[in-house]
Amino acid sequence: MSAIESVLKESRVFQPNEDFVNNANISSDAYNALCNKANEDYEGFWADAARENLTWKKPFTQVLDESNAPFYKWFADGELNASYNCIDRHLIDKADKTAIIYEKDDGQSEHITYQQLHDRVCQFANALKSLGVTKGDRVVIYMPMTAEAVVAMQACARIGAIHSVVFGGFSSGAVRDRVKDAEAKIIITANESVRGGKFTPLKSTVDEALSHRDCTSIEKVIVLKRTDSDTPWDDSRDLWWHDITQGQSSQCEPEWMNAEDPLFILYTSGSTGKPKGVQHSTGGYLLGGVLSMRWVFDYKSNDVFWCTADVGWITGHTFICYAPLAVGATQIVFEGVPTYPDASRFWQMIEKHKVTTFYTAPTAIRSLIKLGPDLPGKFDLSSLRLLGSVGEPINPEAWMWYYETVGQSRCPIVDTWWQTETGAHMIAPIPGAFSIKPGSCTLPLPGIMTDIVDESGASVEQGKGGSLVIKRPFPSLLRTIWRDDERFTATYFPDEFGGKTYLAGDSAHRDAQGYIWIMGRIDDVLNVSGHRLGTMEIESALVANPLVAEAAVVGKPHDLKGEAVVAFVVLKGDRPEGEEAKKMAAELKSWVAHEIGKIAQPDDIRFGENLPKTRSGKIMRRLLRTLAKGETVTQDISTLENPQVMEQLSESI
Ligand code: ATP
Ligand code: MG
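Take 27 as the starting number for the sequence shown in our numbering and just add one per residue.
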């Protein structure tokens, strides 16, 4: 089989400004020193990091235990508590510092100090204890993006209960599956969520999920009263959040956990199939998050940090619930959506709260370009000093807009490659040490031993694409798939690569400077006339056309070529039809041929008002593959955000 080819011709390079470099946490020398240390003394490197960045109740003496590979253990005889590390340890000098700026959908905001957060978490933790929740019990959290969602997660961590957060936009079926898989005892929800001015009943979705005969593990349902509307109620089972917390003590001794005790279970977003119940540890996971804050987000004590993800995803776990709190940051928790009351909400909030560090996803960036490319210019964004991107490869043209229009060519962009499974950043710029290139997540962080390999597991040459792997275990890696060790080893540590190399599932290549470029999922690689092409690069060429807002590329079987390229395109303007669509399709075909060459030219182009996306905003290429073949969709589309666009995209031009 031939190697995966890179067709992207991106060559722009940006240096961080002098001011940023002078004040950066990690200089280029410091970065080199960290990498050297990790290379020379891998365990010593991680042990130092864990001692410096976390507060241990009982210090560890063991570092890495590889005796039962790939079920690795880290700091296994140490004891700590995640909630203590996120809250209590800051009370000495930061009790009155704002921990959370909670901005509600309607624009009202509330500041919560570390002391107040502590008190709320303890009261809620005591309430959970009073219901009989103990260490190791599973608690499902199905809540809107509220400060209380963070309180609920932190309270679980405080008493050693394992939370499993289910994104508040999921249906009752998704809730039921996750409750059953985790055998959860308690579910925490709200009567309704409020997003973009719309009210969605969450409690009745929970009722529906629990009405199934085979969903019997839940003993109590705790309900946050987010709105005043009537709520269906079962007296024997349902409890109001405010009732059970009332009168509870604001002191709650943390449960001291073993570093390896599970902190939470989280299901992956399901872009490629059935979600996996990723299980994270307490010590290693927390360490990864703190290092990401210090190294990649260059965290400073006066930062106002804003990660726009939902707590239902790993990004919201690590960069809302845990890491910003673990370093004592002030951060924003935002209930609403980027397009309400209009498409300037993000920019307006950056101005209002003087956000310094802004972290969002390519899908949000692309849709905001489509809805209002000039809107950022209408706001004072001078507080910003660093921008981040996560979730998908960011197309170079979207990157350029983010850099110039949002960051005013002043703020470095950290394009962070990581996964639910890795818990924290793996490949990402250290912004004061690296030059950056649009579309590249740059270099692995110190201590992260990545490689790009072919099917035999051998490193590929520079410029050739291959499978992205991590060759050494690292602390924040998932420990297993919840109660499915077999799927864990088969998915991530397959025998083909020797059983000890972590297989990420993404394809990538390295440029002459060693920078890594993610080309898409390994499963998405196209094989056109013997050339194996990554999808991301063809998509980026399409997005570089001034008329195109978003594009997704998949293959369909072709008699001569093996596979032909099919492109699904969203224009910045209206969806074209009839003759206009034909003309537009022809224009885009020659655009791609001109930009990257004839081999990547789509045979078939289809237009939609949007693309099918998962609830976390990722393009669902597996559905598009089915549409490209002209087959009917039989896959699980329960995580699909906008099913109506499927019809538009099934029309060939
Ligand atoms: P599933 O595993 O169920 O298919 P998922 O992989 O979408 O879902 P996540 O763990 O949320 O679930 O996403 C991780 C994936 O997102 C990575 O494997 C990669 O494909 C993509 N990704 C995340 N960040 C980046 C980035 N900065 N650049 C390129 N791709 C990224
Ligand atoms: Mg994945």
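Ideal placement from N, C-alpha and C gives every residue a C-beta, glycine not left out.
Boundaries (first-last residue) of the alpha helix (DSSP H) holding residue i
i: Ile-564; result: 561-569
i: Glu-234; result: 229-236
i: Leu-675; result: 671-675
i: Val-177; result: 173-185
i: Thr-389; result: 388-397
i: Gln-374; result: 371-379
i: Asn-48; result: 44-49
i: Asn-553; result: It is not in any alpha helix (DSSP H) - Asn-553 instead sits in the beta strand (DSSP E) that spans 552-554.
i: Ser-109; result: 108-112
Beta-carbon gap between residue i and residue j smaller than 8 Å
i: Pro-438; j: Gly-417; result: no
i: Ala-208; j: Ser-190; result: yes
i: Val-322; j: Ile-474; result: no
i: Leu-236; j: Ile-244; result: yes
i: Glu-522; j: Gly-492; result: no
i: Ile-113; j: His-144; result: yes
i: Asn-421; j: Gly-465; result: yes
i: Val-363; j: Gly-222; result: yes
i: Val-381; j: Ser-409; result: yes
i: Ala-626; j: Ile-564; result: yes
i: Ser-255; j: Asn-217; result: yes
i: Trp-427; j: Pro-399; result: yes
i: Gly-524; j: Pro-96; result: no
i: Ala-574; j: Thr-561; result: Inspection of the sequence shows that residue 574 is occupied by Val rather than by Ala. No, the Cβ-Cβ distance between Val-574 and Thr-561 is not below 8 Å.
i: Ile-253; j: Phe-150; result: According to the sequence displayed, residue 253 carries Thr and not Ile. Not closer than 8 Å, so no.
i: Leu-469; j: Tyr-541; result: yes
i: Lys-463; j: Val-39; result: yes
Beta-carbon contacts of residue i that lie in its chain and below 6 Å, excluding the five residues immediately before and after
i: Glu-286; result: Lys-99, Ala-102 and Ser-307
i: Pro-170; result: Gly-194, Ala-216 and Ser-219
i: Val-47; result: Gly-458
i: Gly-354; result: His-116 and Lys-120
i: Leu-477; result: A small correction: the amino acid at residue 477 is Asp; Leu does not occupy that position in the sequence shown. Once the five neighbours on either side are set aside, the close Cβ partners of Asp-477 are Ser-485, Val-495 and Lys-497.
i: Val-330; result: Thr-356, His-379, Lys-380, Val-381 and Thr-382
i: Thr-341; result: Ala-335 and Val-416
i: Tyr-128; result: Glu-136, Ala-173 and Val-359
Cutoff 7 Å; reference residue i; Cβ partners in own chain excluding five residues on either side
i: Gln-41; result: Ser-461
i: Asn-636; result: Val-596, Asn-668 and Val-671
i: Ser-678; result: Asp-630 and Arg-632
i: Ser-109; result: Val-147, Gln-180, Ala-183, Arg-184 and Pro-280
i: Pro-258; result: Lys-229, Ser-230 and Asp-233
i: Ser-54; result: Ala-459
For residue i: DSSP bridge partner residues
i: Asp-91; result: Lys-99
i: Trp-282; result: Trp-282 is not bridged to any residue.
i: Trp-543; result: His-535
i: Ser-219; result: Thr-226
i: Lys-639; result: Ile-645
i: Ile-248; result: Ile-214 and Leu-265
i: Thr-383; result: Phe-331 and Leu-412
i: Tyr-57; result: DSSP lists no partner for Tyr-57.
i: Glu-209; result: Answer is none; Glu-209 lacks a bridge partner.
i: Glu-69; result: DSSP lists no partner for Glu-69.
i: Tyr-168; result: Thr-215
i: Val-580; result: Val-592
i: Arg-77; result: Looking at the DSSP assignment, Arg-77 forms no beta bridge with any residue, so it has no partner.
Terminal residues of the beta strand (DSSP E) in which residue i lies
i: Leu-289; result: 288-293
i: Arg-632; result: 630-633
i: Leu-265; result: 264-266
i: Ile-188; result: 188-191
i: Val-304; result: 303-307
Same chain only: Cβ atoms within 8 Å of residue i, ignoring 5 sequence neighbours per side
i: Gly-9; result: What is shown of the chain runs 27 to 679, which leaves residue 9 out entirely.
i: Ser-295; result: Pro-301, Trp-339, Thr-446, Thr-640, Arg-641, Ser-642, Lys-644 and Thr-665
i: Thr-334; result: Phe-360, Pro-364, Phe-372, Phe-384, Tyr-385, Thr-386, Ala-387 and Ala-390
i: Arg-558; result: Met-27, Ser-28, Ala-29, Ile-30, Glu-31, Gly-491, Val-551 and Leu-552
heavy atom of the ligand PLP below 7 Å from residue i C-beta
i: Ala-450; result: Ligands present in the displayed structure are limited to the ligand ATP and the ligand MG, and the ligand PLP is not among them.
*Report the residue ranges of all alpha helix (DSSP H) runs contained in full by the stretch 314-367; include only those spanning at least 4 residues, in chain order.*
349-352
*asked:* At 3 residues or longer, what runs of the beta strand (DSSP E) sit wholly inside the stretch 117-165?
replied: 124-129 and 135-139
*Could I get the ranges of all uninterrupted beta strand (DSSP E) runs contained in the stretch 406-470, with 3 residues as the minimum, in chain order?*
412-415 and 439-441
*Could you tell me which uninterrupted alpha helix (DSSP H) segments, each at least 4 residues in length, are contained entirely in the stretch 582-625, listed from first to last along the chain?*
604-622
*Taking the runs of the alpha helix (DSSP H) that are 4 residues or longer, which of them lie wholly in the stretch 477-540?*
Segments of the alpha helix (DSSP H) lying fully in the stretch 477-540: 511-518.
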